[in-house]
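Following numbering that gives the first Met the number 0, the numbering of the sequence shown begins with 0 at its first residue and continues without gaps.
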Amino acid sequence: MPERLPLEAAVELVRPVDTLGIPLGPGQPGAFLHALGAREHFDELTVSGALLGDLYELFTRPGVRYRSGFFGPVERMLRDAGHDIAFVPADFRRFAPLLELAAPRVMATAAATPDAAGAMSLSLHAGGTVRELHCCGADPDRVLVVEVNPQLPRTLGLPEHPHELHVDEADVIVEGDRAPVTIPDAEETPVDRAIAEHARAFVSDGCTLQTGIGGIPSTFARLLADGPGGDYGIHSEMFTTGLMHLHQAGKVSNRKGVYDGFSVTTFAAGTAELYEWLDERDDVRFLPVEQVNAPAIIARNRRMVTVNGAVAVDLHGQLMADTIEGVQFSGVGGHEDFVAAPGQELEDRSLVCLPSTVAVDGTPVSRIVARFASGAVVTTPRHQLDVVVTEHGAAELRGLTVRERARALAAIADPAHREDLLDAAERLPL
Numbered sequence: 000m001p002e003r004l005p006l007e008a009a010v011e012l013v014r015p016v017d018t019l020g021i022p023l024g025p026g027q028p029g030a031f032l033h034a035l036g037a038r039e040h041f042d043e044l045t046v047s048g049a050l051l052g053d054l055y056e057l058f059t060r061p062g063v064r065y066r067s068g069f070f071g072p073v074e075r076m077l078r079d080a081g082h083d084i085a086f087v088p089a090d091f092r093r094f095a096p097l098l099e100l101a102a103p104r105v106m107a108t109a110a111a112t113p114d115a116a117g118a119m120s121l122s123l124h125a126g127g128t129v130r131e132l133h134c135c136g137a138d139p140d141r142v143l144v145v146e147v148n149p150q151l152p153r154t155l156g157l158p159e160h161p162h163e164l165h166v167d168e169a170d171v172i173v174e175g176d177r178a179p180v181t182i183p184d185a186e187e188t189p190v191d192r193a194i195a196e197h198a199r200a201f202v203s204d205g206c207t208l209q210t211g212i213g214g215i216p217s218t219f220a221r222l223l224a225d226g227p228g229g230d231y232g233i234h235s236e237m238f239t240t241g242l243m244h245l246h247q248a249g250k251v252s253n254r255k256g257v258y259d260g261f262s263v264t265t266f267a268a269g270t271a272e273l274y275e276w277l278d279e280r281d282d283v284r285f286l287p288v289e290q291v292n293a294p295a296i297i298a299r300n301r302r303m304v305t306v307n308g309a310v311a312v313d314l315h316g317q318l319m320a321d322t323i324e325g326v327q328f329s330g331v332g333g334h335e336d337f338v339a340a341p342g343q344e345l346e347d348r349s350l351v352c353l354p355s356t357v358a359v360d361g362t363p364v365s366r367i368v369a370r371f372a373s374g375a376v377v378t379t380p381r382h383q384l385d386v387v388v389t390e391h392g393a394a395e396l397r398g399l400t401v402r403e404r405a406r407a408l409a410a411i412a413d414p415a416h417r418e419d420l421l422d423a424a425e426r427l428p429l
């Protein structure tokens, strides 16, 4: 049986020289990490994780190194303040084997409170840590810490992928009561609306949908929820408030050819209303990321339509989505998987949506560029691109030549930059 320890005692199980693994964002044990940060010094503590959900003092302590597979605002703030924060380039599916390679001596996760059978739902996150959590719990030389929290919803997996730990697997159970981090619905802008309207034209009844977070995906989901049509399926790395609205509008049937009857996801982030709605929800299932993001599984869905963003695109169709001027901003995540997988069937569509410009020091700069600057880091290569959408229209690229693609992209750029981009398109080597 696991020990139930107060937080102050549990954090002493982490040695001055040690390794610690934590899940991505919604799966992180917040109370445990805050308590661990009360210790002022470590000789050498290496923490592996992604997308920190809070500003933990732990990562400002001497001797602590944080290796992140996905940067969010907290990682960027800590890095810019000079703390030991490093990015590990990997897509989301590779988090599991990389964590297996690291084999942290201590693994710590959040979970819902145990049910009568002793099962602790992993709640808002399955991701790439499920396998290593079980491995850690089975290894007598390692320590599995589970922070149970009554504020976390109890969510479900599938029989072949149980979304839970049993109390007997844990070495230590601690209690937390922090509310999960919420993401408010983004305020719709005219640009978001125009982009979402163009994207909606690619959706027909019976499509299977994947969306991300932000103003454009939120507006897109709202348009589908409020408009005609339906019989949709959901197969999305991230389950959002917008996808909940689709369910509530009666638009989701999940007759999609794989995991029929269930919306599948690997983590959820959104409003408090979303988390309450997910509690004990039977028709939403949380699966490990290696299932949700596997291109072969994505491609089996009926009429897959994916909606993702980008920082910039060049006239060849290369995408930057996780860096800005060569500096890490976010992460690869499932971007390449959900852009590439729909290209295997003509009925599938992959949409990359972005405003045509961004303000830099108050000056509008085109997000569609003739070529990337030296030092730019490409997230997704040109041959995987299908459709690019801005507020000025949609460029359908598949089957086009190099120059035809460039012309199509220039045509949806901001009018102030369009002529220069069209000139650059004509100068591209064949």
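Heads up, the beta-carbon is just placed ideally off N, CA and C, and yes, glycines get one too.
Restricting attention to 87, 96, 85, 141, the CA atom closest to the CA of residue 104 is found in 141. From the listed residues 120, 25, 217, the smallest Cα separation to residue 306 is found for 217. If you draw a straight line from the Cα of residue 338 to the Cα of residue 351, it is about 8 Å long.
Where residue 63 is concerned, the enclosing beta strand (DSSP E) starts and stops at 63–67.
Residue 263 holds the alpha-carbon nearest to the alpha-carbon of residue 231 among 4, 155, 68, 263.
Following the DSSP letters along the chain, one finds residue 17 inside the beta strand (DSSP E) bounded by residues 16–23. The region 109–119 and the region 75–82 do not touch, with fewer than three beta-carbon pairs separated by less than 8 Å.
The distance from the Cβ of residue 356 to that of residue 319 is about 15 Å, inconsistent with a contact at the 8 Å cut-off. When only Cα atoms are considered, residue 130 and residue 354 end up about 38 Å apart. When C-alpha distances from residue 274 are compared across 63, 402, 311, 244, the shortest belongs to 244. A buried status is given to residue 315, since no fewer than 16 other beta-carbon atoms sit within 10 Å of its beta-carbon. Residue pairing by DSSP leaves residue 258 without any beta bridge partner. Here residue 210 is buried, its C-beta having at least 16 other C-beta atoms within 10 Å.
For residue 77, the CB contacts under 6 Å within the same chain, skipping 5 residues up- and downstream, are 58, 84 in chain order. 197 is the residue among 279, 197, 373 whose C-alpha sits nearest the C-alpha of residue 389.
DSSP, read as helix, strand or coil, puts residue 135 in helix. Under the rule that a run must span 3 or more residues, the beta strand (DSSP E) segments found entirely inside the region 21–96 read 43–49, 63–67, 84–86.
Annotation for residue 215: the continuous alpha helix (DSSP H) segment containing it runs 214–225. In this structure residue 146 is not in contact with residue 190, their Cβ atoms being roughly 40 Å apart against a cut-off of 8 Å. Straight through space, the alpha carbons of residue 418 and residue 425 are spaced by roughly 11 Å. Residue 231 is bridged by DSSP to 251.
Residue 364 has its alpha-carbon roughly 10 Å from the corresponding atom of residue 415.
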